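Inspection log for the structure reproduced underneath, given as structure tokens.
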Amino acid sequence: MRRLFLFILIIVLLPSCPIENDEFIDALFNKDRIPPVLNDYELIENRICHLKFSENVMITEAKIADMNVNAPSSYLKSLNLEFDKPIESGKEETLFITAEDKSGNTSRYALCLSGINLNQAELLITELSVKGTEQSPDRIELTCTKSGSLLGYALTDAILGYESFRYYMPDIYLYKNDIIVIYWDRCDSLENTLFRDSEKTYYLFAKAPETLISTNGSVVLYNHTNGKGKIEDAVLYNSSDAVNNNGYGNKKSEESAKYIISIEQWNGESVKSDQITSSRTLARYYPYEDSNSADDFYITKARNSTFGYPNTNVKYEPL
Ligand SMILES: [Ca+2]
Ligand SMILES: [Ca+2]
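If you read the sequence shown in this note's numbering, its first letter stands for residue -4, the second for the next number, and so on.
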């Protein structure tokens, strides 16, 4: 009898109901017991955090350091929180939020936000050694294409969430054509900064716990790692006889490739790693262009590699 009364009540109320009917019925019968899920977040201009949820929510609590936070006063799936002052470039702060859906289910999150560097250098991955040896360890060469600072940059061996290691770069100010060589997992002695005419080469050691994947992998350069992060440049490499995971060899490589291709930071085939051996490395053709594809790269003998110097386009030619 009580249920019948509720049905009649719904029919009477529905035409004037301002909220969506399904949600209204769910709320009335208290069917929705699933808390909202935060799908993504992104820091914009250092004083606005954009949040995307699985359903409409109201932010009932928002705190970050000593700032005041302004949240919308309606139920939204996608919304901005505005801070009364910006997070400093490179500084990390934790944003605490509570999101509540229309049925009263709540989810609480602590989000690590890293202030975006507004004066950041632009970089390209210009040389890679992924089958390192004692004499020729795993290294990644980056070349500055636009002056700025390195603060906020991170280098990984897969997209965020699949990476084995994330290397955050120190705050160095780079000028165009300056080079950084990053030793990944092994470095017996780190070279001093090299002065090349008006340009410099800096040597860094990431201290990764393991080597880069040698045959089916990726190297991904992030200019920040808030939420899903923002990719500045990436290189995908795979063996032509890889059969697992749609030809990407392993899940980490496949998921990275799918995402990097979806955001148009890569297109077409990966660089074929078949001819990369412990005595051969991968390099970008000089002058550096970025078509986000395997066409930008060539394979060279380790003795012709140019870590720390501009590339020379001396290709390894199989016999
Ligand atoms: Ca690229
Ligand atoms: Ca080089």
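Glycine included, C-beta positions come from ideal geometry on N, C-alpha and C. For clarity, every value in this text was computed on a predicted model and none was experimentally measured.
What I want to know is whether the C-beta of residue i ends up closer than 7 angstroms to one or more non-hydrogen atoms of ligand 2.
i: T301; result: yes
i: N306; result: yes
i: E136; result: yes
i: E122; result: yes
i: A297; result: no
i: A278; result: yes
Does ligand 1 have a heavy atom nearer than 7 angstroms to the CB of residue i?
i: D228; result: yes
i: D285; result: yes
i: Q130; result: no
i: Q115; result: no
i: Q270; result: no
Tell me the residue span of the beta strand (DSSP E) that contains residue i.
i: T295; result: 292 to 296
i: V52; result: 43 to 59
i: R161; result: 161 to 163
i: N75; result: 71 to 78
i: E205; result: Premise fails: E205 is in no beta strand (DSSP E) and is neither H nor E.
i: V215; result: 212 to 219
i: C107; result: 101 to 109
i: Y36; result: 33 to 39
i: V176; result: 174 to 178
i: R134; result: 134 to 141
i: R28; result: From DSSP, R28 is part of no beta strand (DSSP E); its letter is neither H nor E.
i: T121; result: 117 to 124
i: L150; result: 149 to 151
Using a C-beta cutoff of 8 angstroms, does residue i count as contacting chain D?
i: K47; result: This model lacks chain D altogether; it includes just one protein chain.
Report the option in the options whose CA atom is closest to the CA atom of residue i.
i: I154; options: P30, Y293, L231; result: L231
i: Y162; options: K171, Y168, D180; result: D180
i: G212; options: S159, F190, E227; result: S159
i: A116; options: I175, A289, R191; result: I175
i: K171; options: I258, L119, I54, I92; result: L119
i: E259; options: N114, A229, T272, I111; result: A229
i: N336; options: E40, E136, E122, S102; result: Since the first and last residues shown for the chain are -4 and 314, residue 336 lies out of range.
i: L317; options: N306, E37, L207, V238; result: Outside the shown range of the chain (-4 to 314) lies residue 317, about which nothing can therefore be said.
i: D61; options: E186, F91, I135; result: F91
i: L169; options: K267, K225, M53, Y198; result: Y198
i: K166; options: N63, N112, E122; result: With the sequence shown as reference, residue 166 is identified as Asp, and Lys is not the correct amino acid for it. Of the listed residues, the one whose Cα sits closest to D166 is N112.
i: I59; options: E88, P305, L33, P31; result: E88
i: S98; options: P305, P30, Y311; result: P30
i: Y283; options: V32, T121, Y104; result: T121
i: A351; options: Y280, I135, L146; result: Since the first residue of the chain shown is -4 and the last is 314, residue 351 is not available in this structure.
i: N383; options: R275, G110, Q270; result: With the chain covering -4 to 314 only, the question about residue 383 has no answer from this structure.
i: C107; options: H45, A94, D236, N221; result: N221
Exercise. Note down, one range per segment and in chain order, each alpha helix (DSSP H) of at least 4 residues found wholly within the stretch 231 to 282.
Key: Annotation note: the stretch 231 to 282 contains the following uninterrupted alpha helix (DSSP H) runs of length 4 or greater, listed N- to C-terminal: 239 to 242, 246 to 257.
Quiz item: Pairing CB atoms from the stretch 273 to 293 with CB atoms from the stretch 255 to 264, are three or more of them under 8 angstroms?
Solution: Yes, the stretch 273 to 293 touches the stretch 255 to 264.
Quiz item: Contact between the stretch 56 to 73 and the stretch 134 to 154: three or more CB pairs below 8 angstroms?
Solution: With the cut-off at 8 angstroms, the stretch 56 to 73 and the stretch 134 to 154 do not touch.
Practice problem: Would you check if there are 3 or more beta carbon pairs closer than 8 angstroms linking the stretch 214 to 228 to the stretch 189 to 197? | Solution: They do not touch, by the three-pair rule.
Quiz item: Any chance the stretch 79 to 88 sits against the stretch 26 to 42, with 3 or more Cβ pairs inside 8 angstroms?
Solution: They touch, by the three-pair rule.
Quiz item: Is the stretch 289 to 306 close to the stretch 237 to 254, with three or more CB pairs under 8 angstroms?
Solution: Touching, no, given that fewer than three Cβ pairs across the two stretches are closer than 8 angstroms.
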